[in-house]
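Colleague: Sharing a structure below in structure tokens format, with a few things to ask.
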Amino acid sequence: MMSPRISVVILNYNGLRFLETCLKSLLSSTYRDFEVILVDNGSKDGSVEYLEKSFSKEPRLKIVPLGKNYGFAMGNNIGYKYTNPSSEFIFFLNNDTEIEDNCLEKIISKMEKDPSIGAAQPKIRSMNDRKKIDAVGGIVDYYGRTWHRGFNEYDYGQYDSVSETFYAQGAAIIVRRNVIEKIGLFDPAYFVYYEETDLCWRIWLAGYKVVVIPEAVVYHYGGGVMTPKDPLKKYLMFFYLRRNHITTMLKNYSLPNIFKYTLPFLAMMLVTAIKWGLSEERVKARAYYSAFLWVFSHIGLIVRRRMFVQKIRKISDEELMSKMKRPTS
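Position 67, counted from 1, in the sequence shown is what this note's numbering calls 714; the numbers after and before it change by one each time, with no gaps.
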């Protein structure tokens, strides 16, 4: 029996320093039937030139250079369009990763046995301290706030069973092609942040599940969200985080839960923005106000996307919320 084909989509933006480690680990995989689509988001650090020189004889690698930075969501969506239609699984992998040689084998073995798994992630450990966990899935509370499960914990086997998770980390998430064809891929409006939360929310609503397969291991340089000191970068981070956070709730929650959880969260955001505006955190306050403005000015787009999500819904919010965290504040 032939192994199912995998398309690995790697997004790169000025990540030259990571590419050798990432690609060599991937190309040394014990799983053989896969291709690599490397999408370059307009890098200026010589990434494309390095790839063309160092991997020109690698038949499994396809380089897709883009003229500008399209962000995480759109960049990965473009990469998906270049995948072989015969690939049953699409593995979205960050460029700042290193995979263990049996990673793909372990993931596919589990997913093939259980067709109800729509998406999965390996155990992700920190590249900076390989004994520490970066993420074994993601937690979401009723207000749509997210956490990396297991982040910064030492790995002593506490997460070594296959388990359901609300969302898989975008650093290493594998999705069935037939699920993507039903529910769509990353929301192209998001650019960065909340893309995988939104995608996995849709996967659950469509009647599939999302799991962590800890036998498969990936090492990742990233480690949580660090608030940048540069005012513009800080502004953009808080703008994208909250804009996409609100949009995700508006698209995916049932109407009663929009009133019960989304609107109260908006009120909490407004109070926070007012407090920040009266302190030294005016940059973050402006980001929140801009997020509000974007959502209100794009409400038509959000409603159209919401209609699609509600059309594919197979389970109730009550069923899904059993997998979410009850907020403590």
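Just so you know, even glycine gets a beta-carbon here, dropped at the ideal spot from N, CA and C.
1. Quick one: grab the DSSP three-state call for K778.
2. What residue does the beta strand (DSSP E) around H892 start on, and which one ends it?
3. When DSSP labels each residue in this structure, what does S810 get in the three-state scheme?
4. Using a Cβ-Cβ cut-off of 6 Å (strictly less than) and excluding sequence neighbours within five positions of W851, which residues of its own chain qualify?
5. Under a three-way DSSP split, which group does E745 fall into?
6. Quick check on DSSP: helix, strand or coil for R849?
7. DSSP has E682 in a bridge; who is on the other side?
8. Tell me whether A819 is buried or exposed, calling it buried when 16 or more other Cβ atoms sit within 10 Å of its Cβ.
9. Looking at the secondary structure, which residues open and close the beta strand (DSSP E) in which R772 lies?
10. Is the beta carbon of T744 less than 8 Å from the beta carbon of I737?
11. Determine the direct distance from the alpha carbon of K770 to that of R929, and round the result to whole angstroms.
12. Is the beta carbon of Y840 closer than 8 Å to that of L888?
13. For T844, tell me which candidate among F833, S672, A853 has the shortest Cα-Cα distance.
14. Around the C-beta of Y935, are 16 or more other C-beta atoms found within 10 angstroms, so that it is buried, or is it exposed?
15. Quick check: K898 and R952, are their CB atoms within less than 8 Å of each other?
16. How big is the Cα-Cα spacing for G785 and Y806?
17. Out of F886, V859, G947, S672, point me to the one whose CA is closest to R933's CA.
18. Since I653 and I755 should fall inside the 8 Å C-beta cutoff, what is the C-beta to C-beta distance between them, to a whole number of angstroms?
19. Are the Cβ atoms of T812 and E752 separated by less than 8 Å?
20. Three-state secondary structure (DSSP) at P903?
21. Looking only at its chain, what residues have a beta carbon closer than 8 Å to the beta carbon of I780, apart from the 5 residues adjacent to it on each side?
22. Taking the alpha carbon of H892 as the point to measure from, which residue in V655, L910, Y868 has its own alpha carbon closest?
23. Restricting to Cα atoms, I'd like to know which of A914, S937, L948 is closest to Y790.
24. F681: which of P706, N659, L698 sits nearest, CA to CA?
25. How many angstroms separate the CA atom of P875 from the CA atom of Y882?
26. Going straight from the alpha carbon of D687 to that of K907, what length do you get?
27. Specify, as a first and last residue, the run of the alpha helix (DSSP H) that Y935 falls within.
Modeller: Put simply:
1. The answer is coil: DSSP assigns K778 none of H, G, I, E or B.
2. It is not in any beta strand (DSSP E) - H892 instead sits in the alpha helix (DSSP H) that spans 878-899.
3. If DSSP states are grouped into helix, strand and coil, S810 belongs with the strands.
4. Annotation for W851: L967 place their beta carbon closer than 6 Å to its own, counting only its chain and skipping 5 residues before and after.
5. In the three-state reduction of the DSSP assignment, E745 falls in the strand class.
6. Of the three classes helix, strand and coil, the one that applies to R849 here is helix, per DSSP.
7. Answer by DSSP bridge pairing, in chain order: S654.
8. When all chains shown are included, A819 counts as buried.
9. Unbroken beta strand (DSSP E) run through R772: 764-773.
10. Not closer than 8 Å, so no.
11. The alpha-carbon atoms of R929 and K770 are separated by roughly 38 Å.
12. Contact: yes.
13. The residue from F833, S672, A853 with its alpha-carbon nearest to that of T844 is F833.
14. That one is buried.
15. With respect to R952, K898 sits close: the two C-beta atoms are nearer than 8 Å.
16. Approximately 13 Å, taken between the alpha carbons.
17. It is F886 whose Cα lies nearest to the Cα of R933.
18. With 8 Å as the limit, I653 and I755 qualify as a contact, their Cβ atoms being about 7 Å apart.
19. No, the pair does not count as a contact, with Cβ atoms beyond the cut-off.
20. DSSP places P903 within a helical segment (H, G or I) once states are collapsed to three.
21. Within the same chain, and ignoring the five residues on either side of I780 in sequence, the residues whose Cβ sits closer than 8 Å to its Cβ are K770, I771, R772, S773, G797, F798, N799, E800, Y801, D802, Y806.
22. If we check each option's Cα against that of H892, L910 comes out closest.
23. The shortest C-alpha separation from Y790 is found at A914.
24. Considering only alpha carbons, the answer is P706.
25. Spanning the two alpha carbons is a distance of roughly 9 Å.
26. D687 and K907: Cα-Cα distance of roughly 41 Å.
27. Where Y935 is concerned, the enclosing alpha helix (DSSP H) stretches over 929-944.
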